[in-house]
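Visitor: Can you keep this structure in mind? I'll have questions shortly.
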DNA sequence: TTGAAAGCGCTAACAC
DNA sequence: GTGTTAGCGCTTTCAA
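Protein chains in written order, with my numbering: chain Z, 5 to 331; chain C, 5 to 331.
What follows is the structure, encoded as structure tokens:
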């Protein structure tokens with residue numbers, strides 16, 4: 005490390021307190037002394053030790069981010085927006101992955117606290133009131149995204165239920181007679197936080213309930229390739245509604261290998277509107293989940309909480325159905 | 005924050021030094037005292053303050069990563085591998101973006117030093133001996149990826165020159181009579197570090213020199229849509245070699261809008277082998293750039309340097325041409 | 001086997 | 001307007 009306030013004090017022949025005053029222009033100080041100190045500081049390229057400052061101030065200008073991983077799904081877009089927004093406020097981002105390990109997630113959170121991050125953005129795999137207590141015990145401002153933990157924990161996201169309802173409605177309007185909803189195993193909900201997909205499935209089912217003449221199927225299994233193929237109905241126009249663009253794209257590939265062509269043999273809609281879709285054809289129908297907005301909103305909500313000026317604890321953003329060529 | 009060593013000392017009726025010895029099983033200590041201390045520590049859920057430790061030890065278990073951005077190109081894959089590898093070694097990752105701003109990059113690096121990161125991984129936009137000095141002045145272990153700064157600065161990457169040469173060779177073998185190399189403006193090299201693309205262009209040109217009967221064109225401009233279209237030759241079978249998969253995909257889209265179909269009207273090869281290519285058809289010919297390997301190698305080289313046991317300062321990994329359907 | 005004391009670099013309360 | 005002092009929580013000599 006470079007020069008310290010102590011060194012500066014010696015160089016300028018004053019006390020460290022005076023140095024401090026000059027550097028932070030706080031309190032009364034002789035303009036000339038200040039001038040001298042500032043000149044010397046820049047001459048020797050003084051930079052404050054942020055660790056020391058963090059230790060005494062209890063504030064580090066770090067926010068911690070705990071997510072599943074970085075290259076999957078829309079996390080990279082999310083992270084990019086988070087880092088950019090944090091940077092605007094001179095904040096650093098400490099990113100850690102829980103990789104779907106619930107205990108690991110806890111450990112990562114604790115470590116972030118050990119390092120005095122000022123706040124945390126979390127995409128959790130845990131949930132429930134028990135976990136809520138754990139989070140509260142951390143005594144750190146936290147904003148969750150994606151999965152809700154429990155009522156009362158700040159959350160930013162879209163209304164997946166409504167979005168999925170809209171998507172289902174759109175599919176039905178397009179004249180499909182059978183709609184197959186494809187998502188990860190919801191049965192895991194006992195052990196895992198699948199809130200996002202639960203909500204989407206709910207939206208699907210609710211819309212379906214309004215259309216008794218439409219056949220609805222829910223596939224929540226990792227075997228969705230085989231199951232989906234099995235659900236393809238020759239007599240009924242069938243569409244798949246996948247709770248993620250990646251799932252949709254994978255499904256399209258798989259059905260192609262089985263000789264089924266999208267649009268011709270079946271319709272399909274994804275969810276997320278990941279930016280890469282623009283390179284995929286036919287263009288996938290999907291649902292925007294406002295990833296950048298969620299990210300920046302989450303960061304700003306976090307800042308508000310950190311400054312204890314947060315009005316609401318939950319922000320639900322709009323999402324829209326995005327037209328394509330696969331229906 | 006929670007309980008401190010001072011609190012533990014009071015609770016156990018010993019000095020803080022003894023607490024320290026128990027916690028780190030260092031030096032001689034009475035097994036019973038140790039036992040008591042450990043029990044009390046876990047009972048009160050003691051966790052060391054990493055800021056304080058970092059301040060005195062001068063080691064924070066943080067590595068800093070400075071890159072262009074997260075969602076672009078292969079940076080997300082890169083980052084994911086970096087974070088995962090760091091985590092294996094109980095290291096945290098502090099990620100910052102320079103967003104192509106050279107001064108910003110410097111500032112980010114300085115801030116990382118202010119926070120005592122133990123080492124840095126850098127994908128730089130700066131270059132040259134001047135900058136090398138700047139980096140050395142930081143007095144922090146640094147490993148660069150993507151763009152080389154200058155000789156002597158640790159670097160991990162592939163041999164882009166050879167890779168591009170191989171790619172060009174493959175295109176020629178496929179019977180194309182005209183090869184158009186598409187990359188970002190190399191003229192910017194005075195102001196920007198375009199090392200990666202320079203090397204690739206060089207490899208292209210070298211192979212071309214060996215085949216005098218093949219027409220070669222180098223497009224290094226952001227206007228590459230128009231220029232590429234203009235280079236399409238009806239008399240000669242033409243292929244584009246793009247120095248990035250994203251450029252290739254964008255070009256394909258653009259030419260499609262102009263009524264030109266890949267394979268039929270022209271051949272094309274990308275570079276990077278980003279994982280998303282598996283959803284794109286026709287399957288793009290490309291060149292693997294070993295992104296995860298580069299990342300893990302970079303992290304491990306950094307660790308070696310940090311432990312001053314680095315043998316070599318540069319690691320060049322293999323890359324291969326990846327077959328597709330676009331030639 | 002244990003403890004006292006100093007120090008990392010900074011901030012903040014209080015006195016002069 | 002400036003300086004003294006104590007303290008953040010930990011580690012590390014040195015002495016007992």
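Heads up, the beta-carbon is just placed ideally off N, CA and C, and yes, glycines get one too. Values in this document were obtained by computation on a predicted structure and should not be read as measured data.
Name the chain Z residues that come within less than 8 Å of residue 120(C), Cβ to Cβ?
Guide: Annotation: Cβ neighbours of residue 120(C) in chain Z (cutoff 8 Å, chain order): 5, 53, 54 and 55.
Visitor: When the Cβ atoms of the stretch 160 to 172 of chain C are set against those of the stretch 289 to 308 of chain C, are three or more pairs found closer than 8 Å?
Guide: Counting Cβ pairs under 8 Å, three or more are found: they touch.
Visitor: In chain C, what lies closer than 8 Å to residue 91(Z) by C-beta?
Guide: The contacting residues are 100 and 101.
Visitor: Terminal residues of the continuous alpha helix (DSSP H) containing residue 176(C)?
Guide: 164 to 177
Visitor: Once you ignore the five residues that flank residue 286(Z) on each side, which residues in its own chain have a CB closer than 8 Å to its CB?
Guide: 266, 267, 328, 329 and 330
Visitor: Look at the alpha carbon of residue 280(C) and the alpha carbon of residue 75(Z), and state the distance between them as a whole number of angstroms.
Guide: 10 Å
Visitor: Just checking: is the beta-carbon of residue 81(C) within a distance shorter than 8 Å of some beta-carbon in chain Z?
Guide: yes
Visitor: Do you know whose CA, among 167(C), 234(C) and 241(C), lies nearest residue 259(C)'s CA?
Guide: 234(C)
Visitor: Express the C-alpha separation of residue 262(C) and residue 278(Z) in angstroms, rounding to a whole number.
Guide: Cα atoms of residue 278(Z) and residue 262(C): separation of roughly 26 Å, rounded to the nearest angstrom.
Visitor: How is residue 315(C) classed by DSSP in three states: helix, strand or coil?
Guide: coil
Visitor: How big is the Cα-Cα spacing for residue 144(Z) and residue 317(C)?
Guide: 41 Å
Visitor: Can you name, in chain order, every residue of its own chain whose Cβ lies under 6 Å from the Cβ of residue 15(C), other than the five neighbours on each side?
Guide: 44
Visitor: Give me whichever residues DSSP pairs with residue 292(Z) in a beta bridge.
Guide: Note: residue 292(Z) sits in a beta bridge opposite 276(Z).
Visitor: Just the chain C side, please: which residues come within less than 8 Å of residue 96(Z) by C-beta, in chain order?
Guide: Simply 98, 100, 115 and 119.
Visitor: Span of the beta strand (DSSP E) holding residue 98(Z)?
Guide: 96 to 101
Visitor: With a cut-off of 8 Å, does the C-beta of residue 255(Z) fall near any C-beta of chain C?
Guide: no
Visitor: What's the gap between the Cα of residue 106(Z) and the Cα of residue 125(Z)?
Guide: 16 Å
Visitor: Taking the alpha carbon of residue 284(Z) as the reference point, which residue from 305(C), 256(C) and 168(C) has its own alpha carbon closest?
Guide: 256(C)
Visitor: Can you list, in chain order, the residues of the stretch 24 to 54 of chain C whose Cβ is nearer than 8 Å to any Cβ on chain Z?
Guide: 51, 52, 53 and 54
Visitor: What are the complete alpha helix (DSSP H) segments, minimum 4 residues, inside the stretch 190 to 242 of chain Z?
Guide: 199 to 213 and 228 to 235
Visitor: According to the Cβ coordinates, are residue 302(C) and residue 70(C) closer than 8 Å?
Guide: no
Visitor: What's the call for residue 112(C), buried or exposed, on a 16-neighbour Cβ count within 10 Å?
Guide: buried
Visitor: Relative to the alpha-carbon of residue 102(Z), which residue among 149(Z), 7(Z) and 127(Z) has its alpha-carbon at the smallest distance?
Guide: Of the candidates 149(Z), 7(Z) and 127(Z), the one whose C-alpha sits nearest the C-alpha of residue 102(Z) is 127(Z).
Visitor: Is the distance from the Cβ of residue 152(Z) to the Cβ of residue 199(Z) below 8 Å?
Guide: yes
Visitor: Curious, which full-length alpha helix (DSSP H) runs of at least 4 residues does the stretch 38 to 113 of chain C contain?
Guide: Correct list: 54 to 61 and 79 to 92.
Visitor: Taking the C-alpha atoms as reference points, what is the distance between residue 133(C) and residue 202(C)?
Guide: 18 Å
Visitor: What would DSSP say about residue 2(C), mapped onto helix, strand or coil?
Guide: Not covered by the structure: residue 2(C). The range shown for chain C is 5 to 331.
Visitor: Identify whether residue 320(Z) lies in helix, strand or coil by the three-state DSSP scheme.
Guide: strand
Visitor: Around the C-beta of residue 289(Z), are 16 or more other C-beta atoms found within 10 angstroms, so that it is buried, or is it exposed?
Guide: buried
Visitor: Could you please give the first and the last residue of the uninterrupted alpha helix (DSSP H) stretch that includes residue 21(C)?
Guide: 20 to 27
Visitor: Apply the 10 Å Cβ neighbour rule to residue 64(C) and answer buried if 16 or more other Cβ atoms are within range, or exposed otherwise.
Guide: buried
Visitor: Considering only the beta carbon of each residue, do residue 219(Z) and residue 181(Z) sit closer than 8 Å?
Guide: yes
Visitor: For the beta strand (DSSP E) containing residue 182(Z), name the first residue and the last one.
Guide: 182 to 187
Visitor: Determine the closest residue to residue 225(Z) out of 238(Z), 205(Z) and 241(Z), with distance taken between C-alpha atoms.
Guide: 205(Z)
Visitor: Would you grab the beta carbon distance between residue 98(C) and residue 96(Z) for me? Rounded to a whole angstrom, and I think it's under 8 Å.
Guide: 6 Å
Visitor: With 9 Å as the C-beta to C-beta threshold (strictly closer), list the residues of the stretch 285 to 319 of chain Z near chain C in chain order.
Guide: The residues in question are 285.
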